[in-house]
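In full-length UniProt numbering, the protein residues as written are 1 to 522.
Built from N, CA and C at the ideal position, the CB exists for glycine as well.
Computed from a prediction, not measured in an experiment: that's the story for all the values here.
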């Protein structure tokens with residue numbers, strides 16, 4: 001046994017180990033504390049279970065008592081046996097021993113505080129300590145002791161009888177079969193739990209309604225701003241004749257505020273181009289370090305843009321005041337969908353399970369395969385020479401149709417097949433070779449059909465122009481037949497010159513009759 005000197009002791013660490021319980025209270029006796037922990041059997045059961053919890057009931061005789069739970073954690077502690085002995089010259093010297101758990105590295109002043117009264121009685125007493133065992137684990141009760149409503153009669157009876165309420169007991173009945181209150185058998189009602197949680201948590205209080213004059217101004221202005229806006233979501237492509245007008249949002253949002261900066265950043269994007277897909281717009285804003293929640297992003301867009309529920313610009317955000325149905329130049333912003341072939345859709349399922357996602361720019365540049373079954377793309381964003389050359393050609397029709405917009409249906413099918421060829425060529429796994437060959441063959445066929453359609457349309461336009469020119473010319477009266485013959489010869493020469501559509505180019509177009517004959521042969 002080592003003598004405590006200067007608050008420290010020395011000794012050899014023994015092999016025996018124990019555990020420590022930080023009891024959250026002051027029990028009347030040690031046996032009472034053990035009973036609240038479930039008794040010796042309950043403690044052994046908790047020690048052998050995989051759950052690192054020790055249950056404590058402050059009223060073990062009450063089966064409805066809400067338990068508190070202690071969590072087992074690793075610790076560095078020692079179990080010391082501290083002895084106090086008097087000097088040998090004192091008669092009848094006695095030695096008293098006590099056991100206590102002490103944390104590793106605690107100072108001796110804690111021990112002296114416990115035995116301060118004894119030190120005053122006998123100043124010559126010496127303290128000795130012996131290391132009994134190591135304590136590698138301890139139970140900590142950090143939860144709140146729950147308050148419960150207990151009927152005073154129940155509490156008083158339980159305190160006096162200390163019986164286990166779970167054991168059956170003979171019921172004392174009075175005359176008429178009623179419970180005799182004198183025998184203290186009163187109906188037990190499960191007490192409600194006051195605290196919904198055992199562990200304390202931080203509360204996030206609601207902010208005050210008006211914290212400053214600036215917030216008051218925003219709360220007054222914004223509801224009127226939202227009410228005065230026209231409908232901008234999911235507009236019908238056919239029924240809506242007048243598109244939403246531009247709103248001067250600068251008058252409603254305080255300049256310099258965070259919402260002002262966010263709205264200004266989104267507005268600048270629509271100054272670059274009037275029509276955006278949501279994926280492309282989101283990635284561009286992320287590149288600038290801007291990220292918004294779904295609700296906030298829609299609010300920012302609704303103030304400056306709208307979108308159609310269907311048609312060639314379906315669900316693309318369009319700048320307010322701009323109607324793509326009236327501008328042939330909007331054809332480069334049209335939507336085109338790419339659908340992954342059914343045999344390859346297992347790749348998309350794997351991609352979704354792994355939560356992998358490519359950048360939108362890589363998908364538009366054909367550097368990454370789309371990870372969704374259907375992907376909506378915008379013509380102007382696709383980095384492909386053939387697609388860009390086709391969409392920048394003069395429009396072949398004067399109206400924007402619901403099915404194909406400013407392009408013919410054959411042209412849309414050809415461009416969609418071009419997408420299929422490009423994406424199948426970069427499929428990351430083997431198995432798409434046969435699909436690629438079929439898609440390439442179909443694309444070449446559609447390409448030839450589009451070329452024939454363009455030639456035929458050019459011929460029809462030329463014929464209409466010639467017909468209109470002949471109808472506008474009025475016949476002149478001539479005096480002799482020689483003058484009429486001369487004019488006829490001149491008109492024939494002029495018509496032959498007009499049929500030369502290409503001049504000195506490499507492939508002069510043949511006459512209309514020959515072109516029609518060529519189309520029938522192909």
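Could you check the C-alpha separation between residue 77 and residue 136 for me, to the nearest Å? Numbered from its first residue, the chain shown carries residue 77 at position 77. Numbered from its first residue, the chain shown carries residue 136 at position 136. Taking the straight line joining both Cα atoms gives about 6 Å.
Please confirm whether residue 84 and residue 132 have their CB atoms less than 8 Å apart. In the chain shown, the residue the question calls residue 84 occupies position 84. In the chain shown, the residue the question calls residue 132 occupies position 132. Their beta carbons are not under 8 Å apart, which means residue 84 does not touch residue 132 by this criterion.
Give the straight-line distance between the Cα atoms of residue 467 and residue 461, rounded to the nearest whole angstrom. Looking up residue 467 in the chain shown gives position 467. Looking up residue 461 in the chain shown gives position 461. Each residue's Cα considered, the two are about 10 Å apart.
Beta-carbon separation of residue 317 and residue 281 under 8 Å? Numbered from 1 along the chain shown, position 317 holds the residue referred to as residue 317. Numbered from 1 along the chain shown, position 281 holds the residue referred to as residue 281. Their beta carbons are under 8 Å apart, which means residue 317 touches residue 281 by this criterion.
7 Å CB neighbourhood of residue 449 in its chain, flanking five on each side removed: Taking the first residue of the chain shown as 1, we reach residue 449 at position 449. Excluding residues within five positions, the ones whose Cβ falls inside 7 Å are 410.
Go to residue 298, then tell me how far its beta strand (DSSP E) extends in each direction, as first and last residue. Numbered from 1 along the chain shown, position 298 holds the residue referred to as residue 298. Unbroken run through residue 298 is the alpha helix (DSSP H), 294-302; no beta strand (DSSP E).
Which word fits residue 377, buried or exposed, when buried means at least 16 other C-beta atoms lie within 10 angstroms of its C-beta? What you label residue 377 is simply residue 377 of the chain shown in a count that begins at 1. Classification of residue 377: buried, given that the 10 Å Cβ count is 16 or more.
Is residue 369 buried or exposed, if buried means 16 or more other CB atoms sit within 10 Å of its CB? Counting from 1 along the chain shown, the entry for residue 369 is found at position 369. Classification of residue 369: buried, given that the 10 Å Cβ count is 16 or more.
Suppose the cutoff is 8 Å on Cβ atoms and the five residues either side in sequence are ignored; what does the same chain contact list for residue 445 look like? For the purposes of this step, residue 445 is taken as the residue at position 445 of the chain shown. Cβ neighbours of residue 445 beyond the five flanking positions: none.
Neighbourhood of residue 253 by C-beta distance below 7 Å, restricted to the same chain and skipping five residues each side: On the chain shown, residue 253 is found 253 positions in, with the first residue counted as 1. Cβ within range, chain order: 259, 260, 263.
Take residue 17 and list the residues in its own chain whose beta-carbon comes closer than 8 Å to its own, dropping the five residues that flank it on each side. Walking along the chain shown from the start, residue 17 turns up at place 17. Only 133, 134, 135, 136 meet the Cβ criterion.
Where does residue 288 fall in DSSP's three states? In the chain shown, counting from the first residue as 1, residue 288 sits at position 288. Residue state, collapsed to three classes: coil.
Could you give the DSSP three-state label for residue 340: helix, strand or coil? Translated into positions along the chain shown, residue 340 becomes position 340. Three-state DSSP puts residue 340 in coil, outside helix and strand.
Classify residue 429 as helix, strand or coil using the three-state DSSP reduction. Reading the chain shown from its first residue, position 429 is the one you call residue 429. Residue 429 falls in the coil class under three-state DSSP.
Going by the DSSP bridge assignment, what does residue 405 pair with across the sheet? The residue labelled residue 405 in the question sits at position 405 within the chain shown. Paired residues: 401.
Is it buried or exposed for residue 404, if we count other Cβ within 10 angstroms and need 16 for buried? To locate residue 404, count along the chain shown from 1; it is residue 404. So residue 404 ends up on the buried side.
What is the DSSP secondary structure of residue 423, reduced to helix, strand or coil? On the chain shown, residue 423 is found 423 positions in, with the first residue counted as 1. It is helical.
Cα-Cα separation, residue 414 to residue 206: Numbered from 1 along the chain shown, position 414 holds the residue referred to as residue 414. Numbered from 1 along the chain shown, position 206 holds the residue referred to as residue 206. Each residue's Cα considered, the two are about 57 Å apart.
Cβ-based burial, residue 421 [other Cβ within 10 Å; buried from 16]: Within the chain shown, numbered from 1, the residue matching residue 421 stands at position 421. So residue 421 ends up on the buried side.
Use the C-beta contact count for residue 241: other C-beta atoms within 10 angstroms, 16 or more gives buried, fewer gives exposed. One-based indexing of the chain shown puts residue 241 at position 241. Its Cβ having fewer than 16 others within 10 Å, residue 241 is exposed.
Hey, quick one: how far does the alpha helix (DSSP H) through residue 374 stretch, first residue to last? As a first step, residue 374 is located in the chain shown; it is residue number 374 there, counting from the start. Taken as a continuous stretch (DSSP letters only), residue 374 belongs to no alpha helix (DSSP H), being part of the beta strand (DSSP E) at 374-378.
Could you check if residue 232 is buried or exposed, using at least 16 other CB atoms within 10 Å of its CB as the buried criterion? Sequence index remark: in the chain shown, residue 232 carries index 232 (1-based). With 16 or more Cβ atoms within 10 Å of its Cβ, residue 232 is classed as buried.
Could you give the DSSP three-state label for residue 133: helix, strand or coil? Taking the chain shown and counting its residues from 1, the one referred to as residue 133 is at position 133. DSSP places residue 133 in strand when its eight states are reduced to three.
Over the uninterrupted alpha helix (DSSP H) stretch that includes residue 253, give me the two end residues. Here residue 253 refers to the residue found at position 253 when the chain shown is read from its first residue. Segment: none, residue 253 is in no alpha helix (DSSP H) and carries neither H nor E.
CA nearest to the CA of residue 61, picked from 33, 332, 69, 142: Locating residue 61 in the chain shown gives position 61, counting from the first residue. When each option's Cα is compared against that of residue 61, the closest is 33.
Helix, strand or coil for residue 305, going by three-state DSSP, please let me know. Mapped onto the chain shown, residue 305 falls at position 305. It is a strand residue.
From the DSSP output, in three-state form, read off residue 350 for me. Residue numbering aside, residue 350 sits at position 350 when the chain shown is read from its first letter. Reduced to three states, the DSSP call for residue 350 is helix.
Whole angstroms is fine: what's the gap from residue 321's alpha carbon to residue 434's? As a working mapping, residue 321 is identified with position 321 in the chain shown. As a working mapping, residue 434 is identified with position 434 in the chain shown. Looking at the two C-alpha atoms, the distance is approximately 47 Å.
Alpha carbons only, please: which of 203, 305, 408 is nearest the one belonging to residue 271? For the purposes of this step, residue 271 is identified with residue 271 of the chain shown, where counting begins at 1. Nearest of 203, 305, 408 to residue 271, Cα basis: 305.
Inspect the beta-carbon positions of residue 371 and residue 273 and report whether they are closer than 8 Å. Within the chain shown, numbered from 1, the residue matching residue 371 stands at position 371. Within the chain shown, numbered from 1, the residue matching residue 273 stands at position 273. No. Outside cutoff.
I need the boundaries of the alpha helix (DSSP H) containing residue 318, first residue and last residue. Locating residue 318 in the chain shown gives position 318, counting from the first residue. Unbroken run through residue 318 is the beta strand (DSSP E), 317-319; no alpha helix (DSSP H).
What would DSSP say about residue 392, mapped onto helix, strand or coil? In the chain shown, residue 392 corresponds to position 392, counting from 1. Residue 392: coil per DSSP, three-state reduction.
Within its chain, find whatever has a CB closer than 8 Å to the CB of residue 69; leave out the 5 residues flanking it on each side and keep chain order. Residue mapping note: residue 69 aligns to position 69 of the chain shown, counting from 1. If we look at residue 69 and ignore the five residues flanking it on each side, its Cβ neighbours are 53, 54, 55, 56, 141, 143, 198.
Which partner residues of residue 8 appear in the DSSP bridge assignment? Translated into the one-based positions of the chain shown, residue 8 becomes position 8. Looking at the DSSP assignment, residue 8 forms a beta bridge with 5.
Let me know if residue 37 comes out buried or exposed under the rule of 16 or more other beta-carbons within 10 Å of its beta-carbon. As a working mapping, residue 37 is identified with position 37 in the chain shown. Residue 37 should be labelled buried.
Keeping to the same chain, check which residues put their C-beta closer than 7 Å to that of residue 40; ignore five residues upstream and five downstream. For the purposes of this step, residue 40 is taken as residue 40 along the chain shown, with counting starting at 1. So the list reads 34, once near-sequence residues are dropped.
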